[in-house]
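Engineer:
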DNA sequence: CTGAAAGCGCTTACAG
DNA sequence: CTGAAAGCGCTTACAG
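Chains as they are written, first to last, in the UniProt record's numbering: chain F, 1 to 338; chain A, 1 to 338.
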């Protein structure tokens with residue numbers, strides 16, 4: 001079918017008004033060079049005629065597609081869903097549309113999407129990079145501004161990173177564990193080679209050391225951020241000869257899985273085991289038990305990422321940003337004495 | 001900055017090979033009219049040179065942007081997040097990119113997004129329409145293929161609707177209520193004027209009538225599909241002089257809110273009150289208690305929507321589709337005797 | 001302030 | 001099978 005009724009063009013508007021298409025373009029894009037009265041008439045007529053400027057054509061000439069790309073591992077993860085909403089809003093506020101892609105943590109797929117987005121000539125990309133991300137090579141290859149979201153990347157790249165600083169909140173969490181008599185800590189961490197996972201683990205170990213608590217190597221498990229891995233690893237931990245009395249889980253989906261595992265065991269939470277999660281989601285308020293979590297300031301993250309990206313697009317420098325996370329205490333952890 | 005290093009064009013590839021841009025274009029788009037040996041050489045060289053065909057230019061000439069639009073009320077709702085993932089995958093499989101927008105259930109905002117997407121000349125749109133959606137007028141105005149998702153629309157539109165058929169599963173749920181001694185049913189429904197909300201309510205009432213159960217008008221509450229409204233309305237229901245012994249909630253977010261309300265009350269679920277939700281989400285497995293839910297076949301919905309849309313784009317007819325929902329029983333409902 | 005004309009990077013009749 | 005040339009719908013120097 002394609003187009004039954006041909007869409008209105010600026011040429012149609014120009015003809016109707018007996019002016020040049022140049023004037024119509026200038027009037028609509030807000031460029032100088034049209035008298036205010038004419039500009040008004042043109043805008044009025046364009047509206048009446050239902051003109052929606054053909055962006056591909058506009059882009060071809062002006063080099064601006066007014067499109068940004070967002071590549072996350074999976075929008076189904078509430079953390080990324082909220083990020084997607086925030087970023088889409090921030091983009092819309094700046095008159096940008098958003099192309100969405102899910103890398104599903106597959107570097108190949110990520111790479112295909114990045115190339116596809118470059119084909120569309122997005123003006124910039126917010127990327128939550130996979131592990132062995134070759135976005136760097138890509139980035140240098142085509143020179144599209146990129147902002148790295150949530151996960152830093154090992155290779156030295158010029159792309160700014162917008163991420164959470166977990167250290168302080170994790171310190172608070174471990175303090176809570178210590179104050180409530182936990183002595184033997186476990187962590188269900190993320191992939192071993194993922195920098196943000198490593199950072200969360202390191203912060204956890206360091207805080208434990210400060211409080212004189214143990215985090216035996218045998219109680220550090222590495223999952224892949226999916227619910228199933230959380231389930232599986234929690235089962236392993238519960239089978240340890242000397243069980244941990246507190247476990248910190250590195251993201252919300254693994255916590256979902258871990259809760260399933262706990263539910264099928266006879267372990268009482270928090271009496272025998274305190275549980276805390278990185279990532280806070282609304283559902284943690286109504287889980288059994290409600291889960292103590294480290295909340296990432298999603299709105300701040302998303303807006304910071306878009307701001308950084310538009311800065312890069314405008315040729316301004318965009319520094320990396322770290323935003324503090326916040327501890328939200330719920331019933332999955334014991335409460336301190338007094 | 002824009003482009004530090006100018007991107008490779010088919011002209012560059014043509015020059016390198018001493019052939020015409022026409023041949024390069026034909027080779028890359030898979031059109032006939034290039035010998036196989038030359039086609040291979042061109043593809044090879046294009047890869048080497050890092051050519052990513054400039055889609056805006058391609059679109060301008062061919063009228064195909066290879067872009068689809070998806071407008072949902074809010075990706076933050078797990079139902080829409082899963083739909084977005086599925087649709088994005090299905091689109092990618094057909095070599096389409098996806099523009100994402102959140103209407104946030106605001107008809108004005110929806111309208112702006114639809115117009116913006118038309119500006120981008122998306123080839124088709126999957127739309128989860130708001131209540132007083134003027135997408136119809138829009139649709140007729142610009143003639144972009146649209147598939148309506150999840151919510152049918154009152155005004156007779158030619159756009160096909162892909163949605164769930166809740167009747168059978170709701171019948172089963174009410175059967176479960178009846179079999180477990182529930183007599184006084186309540187429903188926290190969606191907005192009164194939303195067709196899919198009405199349909200769920202009607203199916204519930206009819207099934208109740210078949211089983212000889214009451215659904216007093218005073219126990220039918222209308223929320224707006226947000227967690228807060230579920231919380232508020234559940235509180236109201238719990239304050240009724242004669243309380244319901246079973247409540248059916250029309251979507252997952254209102255159920256989240258309702259669980260908060262229940263948690264703060266002294267009501268025992270399911271002994272005093274059975275709870276069930278429309279929409280199944282993974283979190284319902286670990287809530288307190290786990291929630292019986294009517295699962296919408298999200299993957300089927302999403303793929304059906306994309307298939308319908310690509311059919312419309314290809315000029316083929318696309319009938320509306322209704323897909324059966326499925327009851328998933330969990331501990332928030334009493335179990336039948338035997 | 002306004003317009004005529006070139007040109008963005010492709011695809012596609014048209015011609016050979 | 002291959003190429004020269006027109007043209008998609010805009011924006012933007014350039015000229016007045």
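We treat Cβ as the ideally placed atom computed from N, Cα and C, and that holds for glycine.
In chain F, what lies closer than 9 angstroms to residue 263(A) by C-beta?
Structural biologist: 285, 286, 290
Engineer: Using beta carbons (cut-off 8 angstroms, strictly below), is residue 82(A) in contact with chain F?
Structural biologist: Among the residues facing chain F, residue 82(A) is included, as its CB has a counterpart in that chain under 8 angstroms away.
Engineer: Can you give, in chain order, each stretch of the beta strand (DSSP E) that sits fully within the segment 181-210 of chain A and has at least 3 residues?
Structural biologist: Within the segment 181-210 of chain A, the complete beta strand (DSSP E) runs of at least 3 residues are 185-189.
Engineer: Please report the Cβ distance between residue 390(F) and residue 76(A), rounded to the nearest whole angstrom; I am assuming they are in contact, meaning their Cβ atoms lie under 8 angstroms.
Structural biologist: It is not possible to answer for residue 390(F), since the shown part of chain F is limited to 1 through 338.
Engineer: Residues of chain A with CB under 8 angstroms from residue 97(F), in chain order?
Structural biologist: Chain order gives the chain A residues near residue 97(F) as 99, 101, 116, 117, 120, where near means a beta carbon separation below 8 angstroms.
Engineer: State buried or exposed for residue 56(A), treating a residue as buried only when at least 16 other CB atoms are found within 10 Å of its CB.
Structural biologist: Using a 10 angstroms sphere on the CB of residue 56(A), the tally of other CB atoms reaches 16 or more, which defines it as buried.
Engineer: Are residue 28(A) and residue 9(A) touching if we call contact CB-CB under 8 angstroms?
Structural biologist: No, the Cβ-Cβ distance between residue 28(A) and residue 9(A) is not below 8 angstroms.
Engineer: Quick check on this structure: which residue in 100(F), 42(F), 229(F), 298(F) has the alpha carbon closest to the alpha carbon of residue 67(F)?
Structural biologist: 100(F)
Engineer: For the segment 57-97 of chain A, list the alpha helix (DSSP H) runs that are entirely contained and at least 4 residues long, ordered along the chain.
Structural biologist: The qualifying runs are 78-93.
Engineer: Here's the rule: buried if 16 or more other CB atoms are within 10 angstroms of the residue's CB, otherwise exposed. What is residue 314(A)?
Structural biologist: By the 10 Å Cβ count, residue 314(A) comes out exposed.
Engineer: What does DSSP give as the partner residues of residue 214(A) in its beta bridges?
Structural biologist: 184(A)
Engineer: Is there a C-beta anywhere in chain A that falls below 8 angstroms from the one on residue 56(F)?
Structural biologist: yes
Engineer: Does the CB of residue 3(F) have a neighbour CB from chain A at under 8 angstroms?
Structural biologist: Note that residue 3(F) has pLDDT 42, beneath the 50 cutoff, so the model's placement of it is unreliable and the number below is only indicative. Yes - at least one Cβ of chain A is within 8 angstroms of the one on residue 3(F).
Engineer: Any beta carbon of chain F sitting closer than 8 angstroms to that of residue 74(A)?
Structural biologist: By this cut-off, residue 74(A) is an interface position.
Engineer: Work out the CA separation of residue 296(A) and residue 84(F) for me, nearest whole Å.
Structural biologist: 23 angstroms
Engineer: Candidates 37(F), 284(F), 299(F): which alpha carbon is nearest residue 292(F)'s?
Structural biologist: 284(F)
Engineer: Nearest by alpha-carbon distance to residue 179(A): which of 294(A), 334(A), 231(A), 38(A) is it?
Structural biologist: Per the Cα distances, 334(A).
Engineer: Could you check if residue 279(A) is buried or exposed, using at least 16 other CB atoms within 10 Å of its CB as the buried criterion?
Structural biologist: Its Cβ being crowded by 16 or more others within 10 Å, residue 279(A) is buried.
Engineer: How many Å lie between residue 190(A) and residue 164(A) at the Cα?
Structural biologist: 15 angstroms
Engineer: Buried or exposed: which applies to residue 88(A), given that a residue is buried once 16 or more other Cβ atoms fall within 10 Å of its Cβ?
Structural biologist: buried
Engineer: CB-CB under 7 angstroms to residue 259(F), same chain, minus the five flanking residues each way: which ones, in chain order?
Structural biologist: The residues 287, in chain order, have a CB closer than 7 angstroms to that of residue 259(F) in the same chain once the five nearest residues on each side in sequence are set aside.
Engineer: So what does residue 326(A) bridge to, in DSSP terms?
Structural biologist: 295(A)
Engineer: With H, G and I counted as helix, E and B as strand and the rest as coil, what does DSSP make of residue 120(A)?
Structural biologist: coil
Engineer: Closer than 8 angstroms, CB to CB, is residue 332(F) near chain A or not?
Structural biologist: no
Engineer: Once the 5 residues before and after residue 20(A) are set aside, which same chain residues still bring their CB inside 7 angstroms of it?
Structural biologist: 14
Engineer: CA-CA distance, residue 3(A) and residue 131(F)?
Structural biologist: Here the model assigns residue 3(A) a pLDDT of 42, short of 50, so the residue's position is not dependable, and the following value carries that caveat. If you take the alpha carbons of residue 3(A) and residue 131(F), they lie about 27 angstroms apart.
Engineer: When burial is assigned at 16 or more other CB atoms within 10 Å of the CB, is residue 158(F) buried or exposed?
Structural biologist: exposed
Engineer: What is the C-beta distance between residue 246(F) and residue 273(F), in whole angstroms, given that I count them as a contact (C-beta under 8 angstroms)?
Structural biologist: 7 angstroms
Engineer: Give a yes or no on whether the C-beta atoms belonging to residue 145(F) and residue 281(F) are separated by under 8 angstroms.
Structural biologist: no
Engineer: Excluding sequence positions up to five away, which residues of its chain have a Cβ less than 6 angstroms from the Cβ of residue 299(A)?
Structural biologist: 86
Engineer: Using the C-alpha atoms, what's the distance from residue 261(A) back to residue 332(A)?
Structural biologist: Cα to Cα, residue 332(A) sits roughly 14 angstroms from residue 261(A).
Engineer: Closer than 7 angstroms, Cβ to Cβ, to anything on chain A: give me those residues from the segment 249-261 of chain F, in chain order.
Structural biologist: 256, 259, 260
Engineer: Could you pull the DSSP bridge partners for residue 165(F) from this structure?
Structural biologist: 324(F)
Engineer: Excluding the five sequence neighbours on either side, which residues of its own chain have a C-beta within less than 6 angstroms of the C-beta of residue 173(F), listed in chain order?
Structural biologist: Around residue 173(F): 276, 327.
Engineer: Give the straight-line distance between the Cα atoms of residue 93(A) and residue 24(F), rounded to the nearest whole angstrom.
Structural biologist: 39 angstroms
Engineer: Would you kindly work out how many angstroms separate the C-alpha atoms of residue 16(A) and residue 70(F), rounded to a whole number?
Structural biologist: 34 angstroms
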